[in-house]
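There are 4 protein chains.
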Amino acid sequence: ETITVDNSLGEFFVKASPVDFIDSVDLLLVLGGDGTLLSSVRLLEGEKIPILGVNLGSLGFLTIVQVDEFEEALTNTLNGNYQIDERLMLEGKIFDENGKVLVEEHVLNDVVVNKAALARIMDLRLMIDGDFVSDYKSDGLIISTPTGSTAYSLAAGGPIIFPSTNVLTITPICPHSLTNRPIVVCSNSEIEITLNKMHTDIFITFDGQKGYRFSSQHILKVKKSERKALLINPKLKNYFEVLKEKLKWGER
Amino acid sequence: ETITVDNSLGEFFVKASPVDFIDSVDLLLVLGGDGTLLSSVRLLEGEKIPILGVNLGSLGFLTIVQVDEFEEALTNTLNGNYQIDERLMLEGKIFDENGKVLVEEHVLNDVVVNKAALARIMDLRLMIDGDFVSDYKSDGLIISTPTGSTAYSLAAGGPIIFPSTNVLTITPICPHSLTNRPIVVCSNSEIEITLNKMHTDIFITFDGQKGYRFSSQHILKVKKSERKALLINPKLKNYFEVLKEKLKWGER
Amino acid sequence: ETITVDNSLGEFFVKASPVDFIDSVDLLLVLGGDGTLLSSVRLLEGEKIPILGVNLGSLGFLTIVQVDEFEEALTNTLNGNYQIDERLMLEGKIFDENGKVLVEEHVLNDVVVNKAALARIMDLRLMIDGDFVSDYKSDGLIISTPTGSTAYSLAAGGPIIFPSTNVLTITPICPHSLTNRPIVVCSNSEIEITLNKMHTDIFITFDGQKGYRFSSQHILKVKKSERKALLINPKLKNYFEVLKEKLKWGER
Amino acid sequence: ETITVDNSLGEFFVKASPVDFIDSVDLLLVLGGDGTLLSSVRLLEGEKIPILGVNLGSLGFLTIVQVDEFEEALTNTLNGNYQIDERLMLEGKIFDENGKVLVEEHVLNDVVVNKAALARIMDLRLMIDGDFVSDYKSDGLIISTPTGSTAYSLAAGGPIIFPSTNVLTITPICPHSLTNRPIVVCSNSEIEITLNKMHTDIFITFDGQKGYRFSSQHILKVKKSERKALLINPKLKNYFEVLKEKLKWGER
Chain A
4 ETITVDNSLG EFFVKASPVD FIDSVDLLLV LGGDGTLLSS VRLLEGEKIP
54 ILGVNLGSLG FLTIVQVDEF EEALTNTLNG NYQIDERLML EGKIFDENGK
104 VLVEEHVLND VVVNKAALAR IMDLRLMIDG DFVSDYKSDG LIISTPTGST
154 AYSLAAGGPI IFPSTNVLTI TPICPHSLTN RPIVVCSNSE IEITLNKMHT
204 DIFITFDGQK GYRFSSQHIL KVKKSERKAL LINPKLKNYF EVLKEKLKWG
254 ER
Chain B
4 ETITVDNSLG EFFVKASPVD FIDSVDLLLV LGGDGTLLSS VRLLEGEKIP
54 ILGVNLGSLG FLTIVQVDEF EEALTNTLNG NYQIDERLML EGKIFDENGK
104 VLVEEHVLND VVVNKAALAR IMDLRLMIDG DFVSDYKSDG LIISTPTGST
154 AYSLAAGGPI IFPSTNVLTI TPICPHSLTN RPIVVCSNSE IEITLNKMHT
204 DIFITFDGQK GYRFSSQHIL KVKKSERKAL LINPKLKNYF EVLKEKLKWG
254 ER
Chain C
4 ETITVDNSLG EFFVKASPVD FIDSVDLLLV LGGDGTLLSS VRLLEGEKIP
54 ILGVNLGSLG FLTIVQVDEF EEALTNTLNG NYQIDERLML EGKIFDENGK
104 VLVEEHVLND VVVNKAALAR IMDLRLMIDG DFVSDYKSDG LIISTPTGST
154 AYSLAAGGPI IFPSTNVLTI TPICPHSLTN RPIVVCSNSE IEITLNKMHT
204 DIFITFDGQK GYRFSSQHIL KVKKSERKAL LINPKLKNYF EVLKEKLKWG
254 ER
Chain D
4 ETITVDNSLG EFFVKASPVD FIDSVDLLLV LGGDGTLLSS VRLLEGEKIP
54 ILGVNLGSLG FLTIVQVDEF EEALTNTLNG NYQIDERLML EGKIFDENGK
104 VLVEEHVLND VVVNKAALAR IMDLRLMIDG DFVSDYKSDG LIISTPTGST
154 AYSLAAGGPI IFPSTNVLTI TPICPHSLTN RPIVVCSNSE IEITLNKMHT
204 DIFITFDGQK GYRFSSQHIL KVKKSERKAL LINPKLKNYF EVLKEKLKWG
254 ER
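So the sequences go chain by chain: A, B, C and D. Heads up: the first sequence runs through residues 4 to 255, numbered per the numbering used here. Heads up: the second sequence runs through residues 4 to 255, numbered per the numbering used here. Heads up: the third sequence runs through residues 4 to 255, numbered per the numbering used here. Heads up: the fourth sequence runs through residues 4 to 255, numbered per the numbering used here.
Right, dumping it as structure tokens:
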């Protein structure tokens, strides 16, 4: 088994199509922060290559190996002393008024609808499995995986969702109606979002990295992706230890 | 098929053991509020009798049929135009220091640890599947089913959980540490709660109806019950319509 | 005493400088929503003309007279049966790196720093009266008057502040650190905000209506304005009745 | 000037009436945690003796001097290099149905109405300055001073209030209605709380230390006390530095 780590990997990785190297790769080592790992997952396009995330800065929720733990993590992994966490991903599609797919993205964290800084409050409609759920007057809406629950959704007031659960979380951003609380639904729910009014400067963002303009002619549909992210857990710490360290639990 | 509704039912029901009438009952009609339905579920002791809840006051989350919809709901039900929502329940057991079971209760909404009005803040420990999660300095902790997510947990800041999901929610009550946010875990998680210090006047409450004193010698274990509550949904409204009406969604 | 209400007022008002009509106006009648009243206050440029706000749509927090109450409100006002609520306003100034004032605005609701939809999380620094308070990693920060507490700040998790108090509220928008809670300070505090990093697409918005780009060379300073908004309260309802109606209090 | 610190002080202090030693004391040195300081303030019964709080454990919000800073703090104080923070206190009175005062207490942090662990949800009414504000279905209500805003009120979702502001905060505990948010009012407001229904096991707690039973025949009135707490600030750190350390600000 071979693990390649050289300086040109980043550049190679970005330029290459996954088909170019997939056959020769057993494991993808991601050095950086959570953002780097998110974009690596996207670039894999669903190929079943496990990822070991090493955080070069402070601890991440996804890159849970710190630099000083790297040797131990790698040893564990090469010795087979690891488990693979299969993480649920979301597929987001933007349709035009004729039902044509304009955009298809797959994310590990979240699909976010939000407004530009100077835009007025948006009025959007949420449907789940064809049922009307609610209209939201808010700054936006976050559809997150369990993995993404500790990212933007948490900042917007959402709950912490254990990664192995089969649920999606829908968290409004600064809702005008104080009763519009975060909602957790089955991961096989099909979520549909439309804008109730003409709005300018509304955007859909995938994992906080790719953005598209959203208009009242569009429909955003989000559901569980057929892709999974395979995160290598070299058994150095469990999920709650990561939470505790990141959220400074128990220190007050 | 026979449905018996007479004035003495309530009294009969309370006095009788379910084994006395189970063979002759196809459906349990509960007239009252959500509290009445919760106690009916407990009295059924796991017998698989579907329940139709009719709310005599304002709309409930469990008793979703209003009085003026009763006839239609009953007609639908008798004509087979209904579905049965199988709702996850929790089993809570209190153990003494020798591992002996002192209490076993099964709930549809929640198991709550909380402190008396004059008691000092409590310091409790949460373990999940044998892993240490966190110590909580708080007024208490709520372990709720998806059904119970819209009851006490919501008031304490928890998310709304769609009833058919397979998750449990752990919501702290007035936690000192602001980072101790609600946690959602798989429904097959085994939750264990102990008190870190001698406390007086700590109680465990089951569905807000039965209470027991909790001391530092005790262990509270909560997991998915083998029982299910079978709620008849006579197809008059879906879950989100109930939510919308109860929470006054979309009115501001 | 004369009150002029004619069709051309709106246009006149926008075009005219307040000095053109100030001497002949005893009372400004604003027909519209809260947004209309906010811009009217700004156009008055501090002139001490009392405003009677009439809401043509649903009840507002500022335009508390409904159309069907208009006659009574006007009668009360003309008969002297009213009080004038003197509302605290904020002065916001943007300085460049040489200390030159680029922008000066006066607001009745709030001064908001927020990021564009596709921008990365911002890292800003808050100083109060020259003391370092905190760095915020968030989507933004809201500085609001008591009057503005029920607008954007409330949606972002801020408290409801009674209008006659002498305080300012600083509410973070989706803060990464869960302990960064809303802060209430004396109204004579001087607030200073700077960006810790180069950011693109950060904006400062005044009363949600006027926006300016904010960069790491700039300093935003916010303090109590010498201007006051004078809102006529024709004694039809008190503040808590408005709150109750707007927030649907007591209905669940 | 003399400062007496001897082992018998605590006992003396508890037994003695303030009138016994007031003439010979220039400064009260409180060694312990915030709870110790709260009870010292109560025992002073309004006598204008400044207090220097030294925390023997972890940093407190009130006892801001740590053990290792004690010498510096004392030196600063004796050299006159300090300021006295005059802190607003609340007077709480419980009246019976004939208007007779049953209880009068003065607090530095908060007056809390809450229910026993096994009690049903309470339904209380809040009036301010004679105006009806709202009925609350909740576990209770906290009336806090600015000083108390970082104690129980913060855990219940209240804002952080700068100590020198002239406001009171009213924070519901686990309100059923999600729109019942914390309210900040002028410190000269007169707050009145009654129970809408017969309840058993409702209590009023003063600074978390003294508790009295509250019934539907009683009226609780809370307003600004004529007493002030005089806290010595030996200029080692400002309020925001205390907040930062206690709340772990800026660490995520």
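Cβ coordinates follow ideal geometry from the N, Cα and C atoms, glycine included. All values derive from a computational prediction rather than experimental measurement.
{"query": "DSSP three-state assignment for Val245 (chain A), whether helix, strand or coil", "result": "helix"}
{"query": "Helix, strand or coil at Arg230 (chain A) according to DSSP, with G and I counted as helix", "result": "strand"}
{"query": "Beta-carbon gap between Ser190 (chain A) and Thr172 (chain A) smaller than 8 angstroms", "result": "no"}
{"query": "Short CB-CB distance (under 8 angstroms) between Val227 (chain C) and chain B", "result": "This sequence places Lys at residue 227 (chain C); Val is not what is there. Output row for Lys227 (chain C): interface = no."}
{"query": "Residues within the segment 201–224 of chain A neighbouring chain C, beta-carbon criterion of under 8 angstroms", "result": "Asp204, Ile205, Phe206, Thr208, Gly211 and Gly214"}
{"query": "Entirely enclosed beta strand (DSSP E) segments - the segment 83–156 of chain A, minimum 3 residues", "result": "86–98, 104–110, 113–118, 125–131, 134–141 and 143–147"}
{"query": "Stretch-stretch touch, CB-based, cutoff 8 angstroms, three pairs: the segment 178–188 of chain A with the segment 206–215 of chain A", "result": "no"}
{"query": "Lys118 (chain C) versus Gly38 (chain C): straight-line alpha-carbon distance, rounded", "result": "22 angstroms"}
{"query": "For Asp26 (chain C), the nearest candidate out of C:Val70, C:Ser42, C:Leu47 and C:Arg90 (CA to CA)", "result": "C:Leu47"}
{"query": "Anticipated Cβ contact below 8 angstroms, Ser147 (chain B) with Thr174 (chain B), distance rounded", "result": "7 angstroms"}
{"query": "C-alpha gap between Thr78 (chain D) and Gly143 (chain A), whole angstroms", "result": "54 angstroms"}
{"query": "Element boundaries [alpha helix (DSSP H), containing Asn79 (chain D)]", "result": "Phe73 to Leu81"}
{"query": "Selection from A:Tyr85, A:Arg90 and A:Val106 that minimises the alpha carbon distance to Ala232 (chain A)", "result": "A:Arg90"}
{"query": "Assigned exposure category for Val8 (chain A) - 16 Cβ within 10 Å defines buried", "result": "Low local confidence applies: a pLDDT of 39 at Val8 (chain A) is under 50, so the model's placement there is unreliable, with the coordinate-based value given in what follows. Result: exposed."}
{"query": "Cα-Cα separation, Thr203 (chain D) to Gln69 (chain B)", "result": "30 angstroms"}
{"query": "Chain D within 8 angstroms of Ile176 (chain B), Cβ atoms only", "result": "yes"}
{"query": "Residues in the segment 177–197 of chain C having any Cβ partner in chain B nearer than 8 angstroms", "result": "Leu181, Thr182 and Arg184"}
{"query": "Cβ-Cβ separation, Ile196 (chain B) to Phe98 (chain B) (assumed contact under 8 angstroms), whole Å", "result": "So it is not a contact: roughly 11 angstroms between Cβ atoms."}
{"query": "Within-8 angstroms CB hit, Lys240 (chain B) to chain C", "result": "no"}
{"query": "Contact list for the segment 62–85 of chain B against chain D, Cβ threshold 8 angstroms", "result": "none"}
{"query": "Against chain B: residues of the segment 98–118 of chain A by CB proximity under 7 angstroms", "result": "none"}
{"query": "Bridge partners - Glu195 (chain C), DSSP secondary structure assignment", "result": "C:Met130 and C:Lys224"}
{"query": "For Phe217 (chain D) and Val104 (chain B), the rounded distance between their alpha carbons", "result": "36 angstroms"}
{"query": "Minimum Cβ-Cβ distance from Asn169 (chain C) to chain D less than 8 angstroms", "result": "yes"}
{"query": "Contact check, Val33 (chain A) vs Ile54 (chain A), beta carbons under 8 angstroms", "result": "yes"}
{"query": "Proximity below 8 angstroms, CB of Ile207 (chain B) to CB of Val114 (chain B)", "result": "yes"}
{"query": "Cβ neighbours of Ile87 (chain D) in the same chain (closer than 8 angstroms, five flanking residues each side left out)", "result": "Pro53, Leu233, Leu234, Ile235 and Asn236"}
{"query": "Interface residues of the segment 147–158 of chain B facing chain A [CB-CB below 9 angstroms]", "result": "Pro149, Ser152 and Leu157"}
{"query": "Whole-angstrom distance between Ile164 (chain B) and Glu100 (chain B), CA atom to CA atom", "result": "34 angstroms"}
{"query": "Proximity test, Cβ basis, 8 angstroms: Leu250 (chain C) and chain A", "result": "yes"}
{"query": "Those residues which DSSP pairs with Arg216 (chain C) across a bridge", "result": "C:Phe206"}
{"query": "Rounded Cβ spacing between Glu75 (chain C) and Leu239 (chain C) (contact assumed at less than 8 angstroms)", "result": "7 angstroms"}
{"query": "Minimum Cβ-Cβ distance from Ile124 (chain B) to chain A less than 8 angstroms", "result": "no"}
{"query": "Contact set between Asp134 (chain C) and chain D, taken where Cβ atoms lie within less than 7 angstroms", "result": "Asn241 and Phe243"}
{"query": "CB contact below 8 angstroms: Leu41 (chain D) versus chain B", "result": "no"}
{"query": "Rounded C-alpha distance that separates Ser228 (chain A) from Ser156 (chain A)", "result": "19 angstroms"}
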